[in-house]
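Here the structure comes first, spelled out in structure tokens, and everything after it is commentary.
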Amino acid sequence: MLEECKALSNETRLAILEWLKDPAAHFPGADGANEGVCVGLIQRRAGCSVSTVSAHLAILQRAGFLLATRRGQWIHYRRDEERIRAFTERLHRHL
Numbered sequence: 007m008l009e010e011c012k013a014l015s016n017e018t019r020l021a022i023l024e025w026l027k028d029p030a031a032h033f034p035g036a037d038g039a040n041e042g043v044c045v046g047l048i049q050r051r052a053g054c055s056v057s058t059v060s061a062h063l064a065i066l067q068r069a070g071f072l073l074a075t076r077r078g079q080w081i082h083y084r085r086d087e088e089r090i091r092a093f094t095e096r097l098h099r100h101l
């Protein structure tokens with residue numbers, strides 16, 4: 007649970023999770039938003055360098071909050087709702 011909490015301790019990572027909760031609203035015109043959002047769109051929205059956004063996405067993925075799918079040269083990210091729900095339930099039980 008510590009890794010998940012550390013992943014959520016950053017404002018940009020929290021924003022990314024929020025944006026990916028409703029990708030159609032936050033990434034208008036994104037192709038296949040149901041299958042995930044590409045790093046480039048997330049990077050533009052976050053206003054950070056590609057390497058910084060990639061690091062944030064890797065942390066969120068290791069914590070179990072994101073799923074990644076490669077399509078061609080692009081990696082698309084989406085929330086892992088089941089893992090997020092399990093984490094919040096564990097957090098609620100422990101606190």
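According to the numbering used here, the sequence shown is numbered sequentially starting from 7.
Glycine included, C-beta positions come from ideal geometry on N, C-alpha and C.
A quick note: this is a predicted structure, and the numbers were derived from the prediction, not measured.
- Counted as a single uninterrupted DSSP element, the beta strand (DSSP E) harbouring Leu-72 occupies residues 72 to 77.
- Where Glu-87 is concerned, the enclosing alpha helix (DSSP H) starts and stops at 87 to 100.
- For the stretch 8 to 49, the continuous alpha helix (DSSP H) assignments of 4+ residues that do not extend past its boundaries occur at 8 to 13, 17 to 27, 29 to 32, in sequence order.
- Taking C-beta atoms under 8 Å as the contact rule, Ala-13 and Ile-65 qualify, at a distance of about 5 Å.
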